[in-house]
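One structure is given below, encoded as structure tokens.
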Amino acid sequence: MLTVDQVKELIGEIKDPIIDVPLKETEGIVEVSIKEEKEHVSVKVAMAQLGGAPQLDLQMAVVNVLKENGAKTVGIRFETLPEEKVNQFKPKEENKPKTIEGLLSQNNPVEFIAIASGKGGVGKSTVAVNLAVALAREGKKVGLVDADIYGFSVPDMMGIDEKPG
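Following our numbering, the numbering of the sequence shown begins with 1148 at its first residue and continues without gaps.
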């Protein structure tokens, strides 16, 4: 049967799925108890955020590693890591993924915007016209194509009466 130290060593390598840090580093192994006569291991684990798929993933990882190493049954309880502990392992500002700046920003790399829907009458042309006008007013270079096969409405919305020549 496993010892408390063996259990801590085995599950200590498993990473908290929210902050991607091993439980031994986060001090996330709160409690371990063993009932040798029943070959049962009970653990209390602290993780960055409770609930959902990440908690289920961590639970399955703990159960699997303990059963593979001799536990017949496994009981798990969860609690939340203290906020200061979570903040200690959060990525620093420079490691955060870069976000795309606002649509009107000079540094925005977006060159093409498509407005689409498989359903008619939901306001695609209205959104496209309003967006094109707003971007043009901000000094952006704008082109607008109405590719509606059954009846284009953008020329009416833009006040265009003449056919292109």
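All C-beta atoms in this analysis are idealised placements derived from N, C-alpha and C, irrespective of residue type, glycine included.
Per DSSP, cross-strand counterpart(s) of residue i
{"i": "G1265", "result": "DSSP lists no partner for G1265."}
{"i": "V1292", "result": "V1292 pairs with nothing; no bridge assigned."}
{"i": "V1221", "result": "V1188"}
{"i": "V1179", "result": "V1190"}
{"i": "T1227", "result": "M1194"}
{"i": "D1163", "result": "V1168"}
Contacting residues, own chain, Cβ-Cβ under 7 Å from residue i (five flanking each side not counted)
{"i": "M1305", "result": "V1276"}
{"i": "P1201", "result": "P1164, I1165"}
{"i": "Q1206", "result": "I1223"}
Limits of the unbroken alpha helix (DSSP H) element including residue i
{"i": "S1272", "result": "1271-1284"}
{"i": "G1257", "result": "Inspection of the sequence shows that residue 1257 is occupied by Val rather than by Gly. Neither: V1257 is in no alpha helix (DSSP H) and is coded neither H nor E."}
{"i": "P1302", "result": "1301-1305"}
{"i": "D1322", "result": "Since the first residue shown for the chain is 1148 and the last is 1312, residue 1322 is missing from the structure and cannot be characterised."}
{"i": "L1347", "result": "Here the chain covers residues 1148 to 1312 and nothing more, so residue 1347 does not appear."}
Residue from the options whose Cα sits closest to the Cα of residue i
{"i": "E1156", "options": "D1167, K1171, G1290", "result": "K1171"}
{"i": "E1183", "options": "K1271, V1192, V1151", "result": "V1151"}
{"i": "I1296", "options": "E1258, K1288, G1265", "result": "G1265"}
{"i": "E1231", "options": "E1186, Q1153, T1173, V1269", "result": "T1173"}
{"i": "I1262", "options": "M1207, V1301, G1286, K1288", "result": "V1301"}
{"i": "K1162", "options": "D1204, P1311, S1180, E1285", "result": "D1204"}
{"i": "M1194", "options": "A1218, L1149, T1227, D1167", "result": "T1227"}
{"i": "T1220", "options": "P1256, L1149, V1280, V1257", "result": "L1149"}
Inter-residue CB distance, residue i and residue j (contact presumed, cutoff 8 Å)
{"i": "V1209", "j": "V1190", "result": "6 Å"}
{"i": "L1213", "j": "V1154", "result": "7 Å"}
{"i": "F1225", "j": "V1192", "result": "6 Å"}
{"i": "I1158", "j": "I1176", "result": "6 Å"}
{"i": "F1299", "j": "D1293", "result": "4 Å"}
Contacting residues, own chain, Cβ-Cβ under 8 Å from residue i (five flanking each side not counted)
{"i": "L1278", "result": "I1260, I1262"}
{"i": "G1222", "result": "H1187, V1188, S1189, V1190"}
Residues of its chain near residue i, where Cβ-Cβ distance is below 6 Å and the 5 sequence neighbours each way are ignored
{"i": "E1178", "result": "K1191"}
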